[in-house]
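What follows is one structure encoded as structure tokens, with my remarks underneath.
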Amino acid sequence: MKIITKILFVISTGILLSCCSQQQQARRPISQSSGTFLKESVERNKKLISGEEAKIDSIIKSNPNLKYIASNKGYWYRYDTKNSQDTLRPKKGDVAHFNFEIKDLDGNVIYSELELRPQTYHVDKEQKMIMGLRHGLKLMRKKETVTFLFPSHMGYGYHGDNRRIGHNQPLMYTVTLNDFAPESLVNDEPVKQNKTTTE
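Below, the structure written as structure tokens:
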């Protein structure tokens with residue numbers, strides 16, 4: 006009986022040692038990506054942006070009397086009302102008050118100024134607003150009205166706003182900056198934040 010126990014002990018110890026000494030190979034993922042999907046996605050985005058920029062370019066060329074400026078952020082803008090007296094522009098730490106409306110590139114109103122109400126925006130502290138408008142407001146002076154042409158990646162992107170703005174839709178924003186001031190000079194009461202998204 007002792008011999009059988011010793012034999013079983015030696016066998017089980019040998020099995021354990023051989024199992025432990027074998028190196029386990031790392032498991033590979035079931036589906037391996039060759040990068041083709043990523044490359045195709047990049048190409049689709051390039052074509053999309055190129056198509057949107059071509060449409061914006063045709064709008065700009067169709068009315069040479071309107072002088073559009075190309076921003077370094079990838080959108081275009083023109084001054085409808087320019088304020089040459091003031092030099093200050095909104096910056097981080099300011100609270101801006103503005104009105105705006107949104108149109109498609111054919112000039113059809115998507116959201117009117119009346120629907121969107123006057124807006125209050127804490128510069129560079131709120132992320133709900135589209136990227137293009139966050140950048141665009143910082144180019145403006147008090148009492149200026151500016152029309153922006155935003156490609157979809159500066160607007161609502163692939164998803165749209167789930168209401169009236171479709172996916173990958175470039176937009177025309179007409180914005181009037183009514184006023185802005187440092188937060189320290191704004192009333193200490195919490196500012197009611199109007200929705201700048203179109204939810």
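Residue 6 is where the sequence shown starts when you use our numbering, and the numbers rise one by one after that.
Even glycine gets a Cβ: it sits at the ideal position worked out from N, Cα and C.
If you're wondering where the values come from, they're calculated on a predicted model, not measured in any experiment.
A101 vs Y82 beta-carbon contact at 9 Å
Against the sequence shown, residue 101 aligns to sequence position 96. Against the sequence shown, residue 82 aligns to sequence position 77. A101 places its beta carbon 9 Å or farther from that of Y82.
Give the DSSP bridge partners of D99, in chain order.
Locating residue 99 in the sequence shown gives position 94, where the first residue counts as 1. Answer is P187.
Residue closest to P95, alpha-carbon to alpha-carbon, out of K148, L176, K72:
Residue numbering aside, residue 95 sits at position 90 when the sequence shown is read from its first letter. Sorting K148, L176, K72 by C-alpha distance to the C-alpha of P95 places K148 at the top.
Which complete beta strand (DSSP E) runs does the region 30-88 hold, if anything under 3 residues is left out?
You should have 81-86.
Helix, strand or coil for M134? Go by DSSP, reduced to three states.
Numbered from its first residue, the sequence shown carries residue 134 at position 129. Three-state result, M134: coil.
Can you give me the C-alpha to C-alpha distance between V196 and F42, rounded to a whole angstrom?
On the sequence shown, residue 196 is found 191 positions in, with the first residue counted as 1. On the sequence shown, residue 42 is found 37 positions in, with the first residue counted as 1. Bear in mind that the predicted position of V196 carries a pLDDT of just 43, short of 50, making it unreliable; the figure below should be weighed with that in mind. In a straight line, the C-alpha of V196 is about 46 Å away from that of F42.
In whole angstroms, what separates the C-alpha of L93 from that of S157?
Against the sequence shown, residue 93 aligns to sequence position 88. Against the sequence shown, residue 157 aligns to sequence position 152. Each residue's Cα considered, the two are about 29 Å apart.
Tell me where the alpha helix (DSSP H) around L121 begins and ends.
As a first step, residue 121 is located in the sequence shown; it is residue number 116 there, counting from the start. In the DSSP assignment, L121 falls within the unbroken alpha helix (DSSP H) covering 118-121.
Candidates L121, M159, N104, Y178: which alpha carbon is nearest K78's?
Translated into the one-based positions of the sequence shown, residue 78 becomes position 73. Put simply, of L121, M159, N104, Y178 the residue whose alpha carbon is nearest the alpha carbon of K78 is M159.
May I have the straight-line CA-CA distance separating P123 from P69, to the nearest angstrom?
Locating residue 123 in the sequence shown gives position 118, counting from the first residue. Locating residue 69 in the sequence shown gives position 64, counting from the first residue. Cα to Cα, P123 sits roughly 31 Å from P69.
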